[in-house]
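Undergrad: Sequences listed follow chains A and B, in order.
Residue 4 is where the first sequence starts when you use my numbering, and the numbers rise one by one after that.
Residue 98 is where the second sequence starts when you use my numbering, and the numbers rise one by one after that.
Below is the structure I would like to discuss, written out as structure tokens.
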Amino acid sequence: MGGKCSDFIGGLSDYIDGEAEPELCEEIEKHLGQCENCRIMVDTLKQTVSLCREGREEKFPPALEAKLNNLLKKRWEEKFGKKS
Amino acid sequence: MNEKELIKRAKSGDFEAFTVLIEAHKSKIYALANKLAGNSEDAEDIVQETLLKAIDKIDQFRGEASFGTWLYSIALNQARAHYAKAKQADLKPVEEYLPGAHEHGTEHAHEGFTLFDWEDPHRIMESAELKRVIDEEIAKLPYKYREAFTLRYIEELPVKEVAKIIRESEAAAKSRILRARLALREALSNIFEERYGRQVQ
Numbered sequence: 004m005g006g007k008c009s010d011f012i013g014g015l016s017d018y019i020d021g022e023a024e025p026e027l028c029e030e031i032e033k034h035l036g037q038c039e040n041c042r043i044m045v046d047t048l049k050q051t052v053s054l055c056r057e058g059r060e061e062k063f064p065p066a067l068e069a070k071l072n073n074l075l076k077k078r079w080e081e082k083f084g085k086k087s
Numbered sequence: 098m099n100e101k102e103l104i105k106r107a108k109s110g111d112f113e114a115f116t117v118l119i120e121a122h123k124s125k126i127y128a129l130a131n132k133l134a135g136n137s138e139d140a141e142d143i144v145q146e147t148l149l150k151a152i153d154k155i156d157q158f159r160g161e162a163s164f165g166t167w168l169y170s171i172a173l174n175q176a177r178a179h180y181a182k183a184k185q186a187d188l189k190p191v192e193e194y195l196p197g198a199h200e201h202g203t204e205h206a207h208e209g210f211t212l213f214d215w216e217d218p219h220r221i222m223e224s225a226e227l228k229r230v231i232d233e234e235i236a237k238l239p240y241k242y243r244e245a246f247t248l249r250y251i252e253e254l255p256v257k258e259v260a261k262i263i264r265e266s267e268a269a270a271k272s273r274i275l276r277a278r279l280a281l282r283e284a285l286s287n288i289f290e291e292r293y294g295r296q297v298q
């Protein structure tokens, strides 16, 4: 690996996620010290994931809740009969 | 009442037991469907199809996995089925996301071209807008990439698990996850740079 950006792009995710072998980490870090664009690339790839994880809790929509109750009950009765 | 007892009752036709079982998992299923679908309308369809399928197949539930895992795998299959027929564009090969790849080829990729440095995107966008922009860009990814990215980074599953779900080798799963991440980074970078430019002016 000669330190060209294209040499290690395939290993970037492993590196960023802390799953790369120590040798690869070392090579990437050496390259990052010399290459501003790759430093930005690594930093923004990290941020891409952390931004996607922000404020992720989705509320179950109340309208869907109401619709589902009837629909599921109906399907249940088709399957098991009207006993429950 | 524990899960085993609830499942036994549900299998014998107790609807209340079934509703208790799904109650604990439906928000998680909805959140997953929302990410995979990229819009709430399709997400609601996927949740509905998942729970109806769970009723149809409840007799087949053997308890090898937990009820939550079983439901989750039905939801994943329903989402896949939803998008299986959709014809979607592919993403560029990994190398083409390198800075300057188009201008100079990958040999001297960086000459005369500097990537936009985000620093902190929160300084140019409110959190709510940032979330909307990110959701829109995730939704624009072709399904197979959106699926791999969501499973790996939102659901936080290990690559091995993602590979199993998408029925690909680990190497193929890794490549798909990376391409999704690179594409999303590039799309967000263009938006941030444009916004930053507007603010500077």
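Think of the CB as a built atom: it goes at the ideal place given N, C-alpha and C, for glycine as much as any other residue.
Being a predicted model, the structure only gives us computed values, none of them experimental.
How many Å lie between E161(B) and R249(B) at the Cα?
TA: Going by the C-alpha atoms only, they are around 24 Å apart.
Undergrad: Run through DSSP, which three-state label would L298(B) get?
TA: With the sequence shown as reference, residue 298(B) is identified as Gln, and Leu is not the correct amino acid for it. Q298(B) falls in the coil class under three-state DSSP.
Undergrad: Under 9 Å between C-beta atoms, does I12(A) make it to chain B?
TA: Output row for I12(A): interface = yes.
Undergrad: According to DSSP, is T147(B) helix, strand or coil?
TA: It is helical.
Undergrad: Using beta-carbon positions only, say whether D214(B) and T47(A) come within less than 9 Å of one another.
TA: A contact, by the Cβ cut-off of 9 Å.
Undergrad: Considering just the uninterrupted stretch of the alpha helix (DSSP H) at F115(B), what are its terminal residues?
TA: 112 to 120 is the span of the alpha helix (DSSP H), which, as asked, contains F115(B).
Undergrad: Residue range of the alpha helix (DSSP H) that E102(B) falls in?
TA: Residues 100 to 108.
Undergrad: When you compare the CB of E200(B) with every CB in chain A, is at least one pair closer than 9 Å?
TA: Any reading at E200(B) is ruled out, since the residue's pLDDT is 45, under 50, leaving its predicted position unreliable.
Undergrad: When you compare each of N40(A), I12(A), E39(A) to L27(A) by their alpha carbons, which one comes out closest?
TA: Nearest C-alpha to L27(A): I12(A).
Undergrad: According to a CB-to-CB cut-off of less than 7 Å, which residues of the stretch 15 to 28 of chain A neighbour chain B?
TA: Within the stretch 15 to 28 of chain A, the residues whose Cβ lies closer than 7 Å to some Cβ of chain B are L15, S16, listed in chain order.
Undergrad: Quick one: residues in its chain with C-beta nearer than 7 Å to the C-beta of Y293(B), no 5 flanking neighbours on either side, listed in chain order?
TA: Here the set comprises I221.
Undergrad: Compile a chain-ordered list of the residues in the stretch 34 to 51 of chain A whose CB is closer than 7 Å to at least one CB of chain B.
TA: Flagged, chain order: C38, E39, N40, I43, M44, T47, L48, Q50, T51.
Undergrad: Is the beta carbon of I152(B) less than 9 Å from the beta carbon of L71(A)?
TA: No, the Cβ-Cβ distance between I152(B) and L71(A) is not below 9 Å.
Undergrad: Please list, in chain order, the residues of the stretch 124 to 151 of chain B that have any C-beta partner in chain A closer than 8 Å.
TA: Residues S124, Y127, A128, N131, S137, E141, V144, Q145, L148, L149.
Undergrad: If I235(B) sits next to L275(B), beta carbons under 8 Å apart, how far is it from one beta carbon to the other, in whole angstroms?
TA: About 15 Å separates the two Cβ atoms, so there is no contact after all.
Undergrad: Quick check: is the beta carbon of W215(B) nearer than 9 Å to any beta carbon in chain A?
TA: By this cut-off, W215(B) is an interface position.
Undergrad: Using 8 Å for Cβ pairs, my map puts R264(B) next to S16(A). What's the rounded Cβ distance?
TA: Actually they do not touch by this definition, with Cβ atoms about 20 Å apart.
Undergrad: Under 9 Å, do V88(A) and Y18(A) count as touching if we go by C-beta distance?
TA: The requested residue 88(A) is not part of the displayed model; chain A covers only 4 to 87.
Undergrad: Do R56(A) and the ligand ZN come close, with the Cβ less than 8 Å from some heavy atom?
TA: Although the ligand ZN was asked about, the structure shown includes no ligands whatsoever.
Undergrad: Between D187(B) and chain A, is the shortest Cβ-Cβ distance under 9 Å, so that the two count as touching?
TA: False, the Cβ-Cβ gap to chain A never drops below 9 Å.
Undergrad: Helix, strand or coil for W167(B) per DSSP?
TA: W167(B): helix per DSSP, three-state reduction.
Undergrad: Quick one: which chain A residues come within Cβ less than 8 Å of K228(B)?
TA: Within chain A, the residues near K228(B) are E57, G58.
Undergrad: Secondary structure at W215(B), three-state DSSP: helix, strand or coil?
TA: Three-state result, W215(B): coil.
Undergrad: Report the option in F158(B), K154(B), K123(B) whose CA atom is closest to the CA atom of E60(A).
TA: With distances taken between Cα atoms, E60(A) lies closest to K123(B).
Undergrad: Consult DSSP for F63(A) and reduce its assignment to one of helix, strand or coil.
TA: It is coil, neither helix nor strand.
Undergrad: Which of the three DSSP states is assigned to L254(B) in this structure?
TA: The answer is coil: DSSP assigns L254(B) none of H, G, I, E or B.
Undergrad: State yes or no: is the beta carbon of P65(A) nearer than 9 Å to at least one beta carbon in chain B?
TA: Closer than 9 Å: no.
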